[in-house]
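Input: a single structure, listed below in structure tokens.
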Amino acid sequence: MERAGTHGEMTLTGEKRDWTHSLQDMRQQAAIAAKVFIQRDYTNGTVCQFQTKFPSELETRIDKQQFEETVRTLNNLYAEAEKLGGSSYLEGCLACLTAYTIFLCMETHYEKVLKKIAKFIQEQNDKIYAPRGLLLTDPIERGLRVVEVTIFEDRSLGR
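With our numbering, letter number 65 in the sequence shown gets 1359, and the count goes up by one each step, no holes.
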């Protein structure tokens, strides 16, 4: 989590993430009214995907189609991250051959897609959610269990 006096936060991958000023201001100045949690969808097994059902708490803040598109895009990105292909097998073989030291100088496919997801969430917050008094939290920060949507009281940030 972001601490007072810092200009970003450390992610699980160890990179420093800088938030835009509007998100920082929003987190520091606006009071949290509620939090909505979008649960994992286990209908297809343990594949990382989230429910696309629109929460009633967001009805006055964001368009249903826009919200569902965000969740669908997240689901597609997580599917891309978990997809096995030739490069995944090659990463595994190289890891075994180098006693996993290869990962000191190389990012895995999964890590690259996690960065893409973090960037997508930041863009969504900047363009769509923050102006409406909402804030999406990266699911990796919640152990890939939920997508957290924070609803802020300050309606002057809204539409």
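Where is the CB? At the ideal position from N, CA and C, for every residue including glycine.
Out of curiosity, what's the CA-to-CA distance linking residue i and residue j?
i: residue 1403; j: residue 1362; result: 26 Å
i: residue 1378; j: residue 1325; result: 43 Å
i: residue 1398; j: residue 1355; result: 43 Å
i: residue 1338; j: residue 1388; result: 31 Å
i: residue 1430; j: residue 1417; result: 10 Å
i: residue 1349; j: residue 1423; result: 15 Å
i: residue 1373; j: residue 1411; result: 11 Å
i: residue 1444; j: residue 1332; result: 11 Å
i: residue 1358; j: residue 1383; result: 39 Å
i: residue 1386; j: residue 1447; result: 47 Å
i: residue 1425; j: residue 1406; result: 28 Å
i: residue 1396; j: residue 1353; result: 47 Å
i: residue 1347; j: residue 1360; result: 12 Å
Given that a residue counts as buried once 16 or more other Cβ atoms are within 10 Å of its Cβ, and exposed if not, what is residue i?
i: residue 1315; result: A caution first: residue 1315 carries a pLDDT of 49, below 50, which makes its placement in the model too unreliable to give a value.
i: residue 1341; result: exposed
i: residue 1439; result: exposed
i: residue 1343; result: buried
i: residue 1427; result: buried
Whose C-beta lies closer than 8 Å to the C-beta of residue i among residues of the same chain, with five residues either side of it excluded?
i: residue 1454; result: What is shown of the chain runs 1295 to 1453, which leaves residue 1454 out entirely.
i: residue 1441; result: 1331, 1332, 1344, 1365, 1368, 1430, 1431, 1433
How would you write the range of the beta strand (DSSP E) that residue i sits in, first residue to last?
i: residue 1431; result: 1428 to 1431
May I ask which residues mark the beginning and end of the alpha helix (DSSP H) holding residue i?
i: residue 1347; result: From DSSP, residue 1347 is part of no alpha helix (DSSP H); its letter is neither H nor E.
i: residue 1409; result: 1403 to 1418
i: residue 1444; result: It is not in any alpha helix (DSSP H) - residue 1444 instead sits in the beta strand (DSSP E) that spans 1440 to 1446.
i: residue 1330; result: Per DSSP, residue 1330 belongs to no alpha helix (DSSP H); it is in the beta strand (DSSP E), 1326 to 1333.
i: residue 1369; result: 1358 to 1376
Which same chain residues, not among the five before or five after residue i, have their C-beta less than 7 Å away from its C-beta?
i: residue 1381; result: 1403
i: residue 1335; result: 1343, 1344, 1345
i: residue 1351; result: 1328, 1330, 1445
Report all residues from its chain with a CB closer than 6 Å to the CB of residue i; omit the five preceding and five following residues, and keep chain order.
i: residue 1400; result: none
Any contact of the region 1434 to 1442 with the region 1386 to 1404, i.e. 3+ C-beta pairs under 8 Å? Under the 8 Å Cβ criterion, the region 1434 to 1442 does not count as touching the region 1386 to 1404, having fewer than three qualifying pairs.
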